[in-house]
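Numbering (mature numbering (1 follows the signal peptide of the UniProt record, and there is no 0)), first residue to last: -22 to -1, 1 to 351. Here a beta-carbon is modelled for each residue, glycine too, at the ideal position from N, C-alpha and C. Taking it in order: structure first as structure tokens, then the write-up.
Now the structure itself:
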């Protein structure tokens, strides 16, 4: 009888390694819940009925890993996908695509491409409503989580136990608040928008902690002065406006300022919530590695987009990736920028590795049992 049981266990281990090896005792997190924008949306925007950017629902989006479009704003996987992989969890299903009997205990993604930290009414009142892609702001995503919570756990004890072994990603969010102000071509608005954006993110973190979250990862902004979109929008004839890499110094300086304000707000939250782990994800520092030395990371260029409609940075607002007049490069793994605004899977992989394995998360994430595939 003992021999029979041993044979069964051996069979299960070899034939179903994921089921046996991925039990909760062998990994730091049992679930991941994500809130954010297009940097981490895995399909909510497409399922929201929004029509302003339907091309993310067709190739060449998704061509690298999935071989078909998934609603991700990239050629393949995102940072959130790599984090899930590293901790032995499935890719997060988009909230708006959930089915009645779907198993959601590995986590859910609430992020929506185009989402803002601030509510859309604020942008409409400021005359920026025409730039909005979606009304599904951070507060809407929090409402979705609260609505779904009874399906995840019932009693307070169950919820406390479950969320104590869950990772909550709050962002990146706030980037679109900055983008929409930038679309208007007014850089002076950018500085003024930082305090309310940071305050809104801090409020969301407090709400999630009140709901039971105990470990929260909060990313900052990327070096937007190296973005093909911003380099095109604010192209300058003054060489002094650019650093040695060709990035816009003022915009990178602004991103660093925003990240500093966010980091300071997180430190205040840590002091007020000693029972929670609040981590800062340094997207800026992680991405700066391949902007400083693209060749070292396998990129032929750090500034031109892989998919676009021409121009110095291969970003043309009239011929964006997926639209008539645009063309995708043969090998997106040699580019860090995918479509002018978003990054390639290769770039997201480097950022994710910097967060998961260090040194770009403060304090560090729990040790990952897996290497990114």
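| Check | Outcome |
| --- | --- |
| If I measure Cβ to Cβ from residue 140 and keep anything under 6 angstroms in the same chain, skipping five residues before and after, which residues do I get? | 131 |
| Quick check on the DSSP output: the alpha helix (DSSP H) that includes residue 171 runs from which residue to which? | 166 to 189 |
| If you count every other CB in all the chains shown that lies within 10 Å of the CB of residue 320, and 16 or more means buried, which is it? | buried |
| With burial defined as no fewer than 16 other Cβ atoms inside 10 Å of the residue's Cβ, what is the status of residue 19: buried or exposed? | buried |
| Should the stretch 54 to 68 be regarded as contacting the stretch 324 to 332, the criterion being three or more beta carbon pairs within less than 8 angstroms? | yes |
| To which residues of the same chain is residue 79 closer than 7 angstroms at the C-beta, ignoring the five residues directly before and after it? | none |
| Looking at residue 285 and residue 38, is the spacing between their C-beta atoms short of 7 angstroms? | yes |
| How close, in whole Å, do the beta carbons of residue 86 and residue 23 come, if the pair is a contact with beta carbons under 8 angstroms? | The Cβ separation is near 15 angstroms, so there is no contact. |
| Nearest to residue 280 by CA position, among 287, 288 and 267, is which residue? | 267 |
| Spell out the partners DSSP gives residue 313 in its beta bridges. | 279 |
| Rounding to the nearest angstrom, what Cα-Cα distance links residue 350 and residue 234 in this structure? | 28 angstroms |
| Below 7 angstroms between beta carbons: does that hold for residue 294 and residue 236? | no |
| Going by C-alpha distance, which of 254, 51 and 112 is nearest residue 316? | 51 |
| Can you list, in chain order, the residues of its chain with a C-beta nearer than 7 angstroms to that of residue 43? Leave out the 5 residues immediately preceding and following it. | 54, 55 and 323 |
| Helix, strand or coil: how does DSSP classify residue 305 here? | strand |
| Rounded to a whole number of angstroms, what is the C-alpha to C-alpha distance between residue 360 and residue 221? | Past the boundaries of the shown model lies residue 360; the chain is included only from -22 to 351, so the question cannot be answered. |
| With 7 angstroms as the threshold, decide whether the Cβ of residue 174 is near any Cβ in chain C. | Judged by its chain identifiers, the structure shown contains no chain C, having just a single protein chain. |
| Look at residue 314 and residue 277 and say whether their C-beta atoms are less than 7 angstroms apart. | yes |
| Would you check if the distance between the CB atom of residue 115 and the CB atom of residue 136 is smaller than 7 angstroms? | no |
| Kindly provide the ranges of any alpha helix (DSSP H) runs that are 4 or more residues long and lie completely inside the stretch 107 to 147, ordered along the chain. | 116 to 130 and 134 to 142 |
| Does DSSP classify residue 72 as helix, strand or coil? | strand |
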